[in-house]
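Let me begin by presenting the structure, written as structure tokens, before commenting on it.
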Amino acid sequence: MCGLIRQSQLEHLEKDRQGLNKIWASAKAVQPKEDAKLQELKKLIKTKVEKPLNDDNKKIIVFTAFSDTATYLYDNLKAWAQTELNLNIAMVAGSVTYTTLGKNEYTNILTNFSPIAKQRAKLTSMPQKEEIDLLIATDCISEGQNLQDCDYLINYDIHWNPVRIIQRFGRIDRLGSKNKAIQLVNFWATKDLDAYINLKERVESRMALVDITATGEDNLLNVEQIEDLIEDDLKFRNKQLKKLKEEVLDLEDMNESISLTDFTLDDFRIELLNFLEDNRKKLKDAPFGLYAVVPSPSGDFAHLSDTSRLSSFEKEIVQSGVLYCLRQKGDTEGNEEVNPLQPYFLVYIRNDGSVRFNYTNAKQILEIYRLLCSGVRKPYEVLCDLFNAETKQGEDMTQYSDLLKKAFAEISRVFKKRVNNQLTSNRGALLMPKSKQVDDMSDFELVTWLIIK
């Protein structure tokens, strides 16, 4: 019997081998001139260079999931980009890098591609006149890089995780961009996207089901219930993927657990460490609840600060309101899947009561802090006097208490939503104890807050 099973398996494997060889031979027969996708990419690049979105900005990022594809694109675009478009081109794919300008090294390439955001002018050893305008990259740069000099991003192969697509776009969709408009272009895998997604759904759900039922542990749910949960999650994600073809999605709705690396906070950590070294005693002695007042770049007191470095888009976002930093009391260990910054929560609420950025958007909130406060050594006396008058020297804080309550309500809503999503999307998720959940404002203490007037 065993011999028959092995023979049958060998026959199936041989059939698979022959099928894969046919696919390989078909793919290998396609030369660059016959590669319709490559030719379409060249058309997009040429059109963008000849008709820039912003002034004379020719910069383009082309994302691909695979280093082999990145190398293929670099090899077939290098001469064309240099001779026909007069562009310097580079590629970064992990440890593999290529460039036509400057030192062939990861950091140098990104600095030459985005010299303003990377402050190249301060690095006298680097070239100052020429720049890299076409960058081919894998997801090694989808997190933690400020590349907002660029205004045009192409996903040469679409990533099936919508969060990853948004993270890629986040390289250029950042506060501090001087571009009036930015654009995202996606190459979709097939015209019949539904058929592809259905096949992918079936494969992933079966793999997940095997993963769960093969652990040898008793499951609280039966096989049918587990399969339903898996398929529901995949359908939700794929629905978001299809929706992404028509609109930009909110990161909060992505049904994904977000790690600290997704927020790309490395640059903030470095600044914080430097500040801690110089102000450790002051911070240690400072009580909770300290606040400051700064002018809104779109408000009546914008003239009090230098807003020339801000784009109209940034000015529109940063309106009058409050940035709150809260700390959850008690034991919060294990909450990282729902709040990567635990036990701290950041939230930006406008004066009209609308929450512009919740705690899931920590990166954006910290960038607003930086824009409004970096380099400011003295208080804005006019705003302080106005705040004191409005609050009767701090005796009437009704307005800010109400905003804090609304901010907490929104934090609580998103927190519970993400807890529920964890249970249905994460095969290793556990029910969060009630003591660790966000239920009441008494569970929090106010660390600090920033009033934007």
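The sequence shown begins at 12 in my numbering and counts up by one. All C-beta atoms, glycine included, are put in the ideal place defined by N, C-alpha and C.
Minimum C-alpha distance to residue i - residue among the options
| i | options | result |
| --- | --- | --- |
| R338 | A303, L377, R388, D454 | D454 |
| V103 | D162, Y380, A128, L145 | L145 |
| L394 | I379, G310, T318, L415 | G310 |
| D79 | V458, I120, K417, V107 | V107 |
| W199 | T75, L287, N119 | T75 |
| Q50 | F419, W91, L382, L21 | W91 |
| I169 | T149, D86, L24, N431 | T149 |
| Y370 | V349, K389, C384 | V349 |
| Q178 | I100, P43, N372, E327 | N372 |
| L84 | T94, P43, Y411, Q194 | P43 |
| I71 | N99, D86, E45, K48 | N99 |
| R175 | I120, N197, L96 | N197 |
| Y380 | Q159, L334, G30 | L334 |
| V387 | P126, A36, S316, K129 | S316 |
| S331 | G405, S37, I34, Q410 | Q410 |
| A128 | D162, K57, F312 | D162 |
| Y302 | I462, G105, L377 | I462 |
| Q156 | S136, S125, A400 | S125 |
| K57 | L121, T94, D46, E327 | T94 |
| P351 | F426, S19, I34 | F426 |
| E378 | P354, Y355, I328, F419 | I328 |
| E392 | K54, P298, R367, P306 | P306 |
| E456 | M408, D289, G341 | G341 |
| W460 | E401, T318, G300, D296 | G300 |
| T111 | K89, I34, T402 | K89 |
Span separating the alpha-carbon of residue i from that of residue j
| i | j | result |
| --- | --- | --- |
| T82 | K140 | 27 Å |
| F398 | V304 | 8 Å |
| V358 | F180 | 22 Å |
| T362 | K189 | Note on residue identity: the sequence assigns Asn, not Thr, to residue 362. Between N362 and K189, the C-alpha separation is close to 27 Å. |
| A192 | L64 | 7 Å |
| A132 | N68 | 18 Å |
| I360 | N87 | 49 Å |
| E25 | N32 | 11 Å |
| F247 | E142 | Any answer about F247 is weak, because its pLDDT of 48 lies below 50 and its placement is not dependable; what the coordinates show is given next. One C-alpha to the other measures close to 42 Å. |
| M137 | A101 | 16 Å |
| L321 | R291 | 31 Å |
| Q29 | Y109 | 36 Å |
| K464 | D160 | 30 Å |
| G405 | D413 | 15 Å |
| C336 | R429 | 20 Å |
| L383 | E45 | 52 Å |
| F356 | I183 | 25 Å |
| E116 | A40 | 33 Å |
| N119 | M408 | 50 Å |
| A509 | K62 | With the chain covering 12 to 464 only, the question about residue 509 has no answer from this structure. |
| S19 | E344 | 51 Å |
| F368 | F419 | 12 Å |
| D396 | T402 | 10 Å |
| Q353 | N431 | 18 Å |
Residue span of the alpha helix (DSSP H) that contains residue i, given as start and end
| i | result |
| --- | --- |
| F398 | 392–401 |
| E123 | Reading off the sequence shown, one finds Asn at residue 123, where the question assumed Glu. Run containing N123: 117–124, per the alpha helix (DSSP H) assignment. |
| Y380 | 373–384 |
Extent of the continuous beta strand (DSSP E) run through residue i
| i | result |
| --- | --- |
| N166 | 163–166 |
| Q194 | 194–197 |
| L134 | Here L134 belongs to no beta strand (DSSP E), and DSSP marks it neither H nor E. |
| L352 | Careful: L352 lies outside any beta strand (DSSP E) and carries neither H nor E. |
| E466 | As shown, the chain starts at 12 and ends at 464. That puts residue 466 outside it, with no answer to give. |
| E456 | 455–463 |
| I147 | 145–148 |
| V366 | 366–368 |
8 Å contact criterion, which residue i and residue j should meet: CB distance rounded
| i | j | result |
| --- | --- | --- |
| L287 | L294 | 7 Å |
| L134 | Q375 | Incorrect: roughly 28 Å between the Cβ atoms, too far for contact. |
| G113 | N123 | 5 Å |
| V449 | S423 | 5 Å |
| L164 | L195 | 5 Å |
| M452 | K416 | 7 Å |
| Y167 | V60 | 17 Å between Cβ atoms; not a contact. |
| P152 | L121 | The sequence shown places Ile at residue 152, rather than the Pro named in the question. Going by Cβ atoms, the distance from I152 to L121 rounds to 7 Å, so yes, they are a contact pair. |
| E421 | V366 | 4 Å |
**OP:** Counting only runs of 3+ residues fully inside the segment 284–338, write out the beta strand (DSSP E) ranges in chain order.
**Re:** 301–305
Original post:
Which residue spans inside the segment 53–129 form an unbroken alpha helix (DSSP H) run of at least 4?
Top reply: 78–95, 117–124
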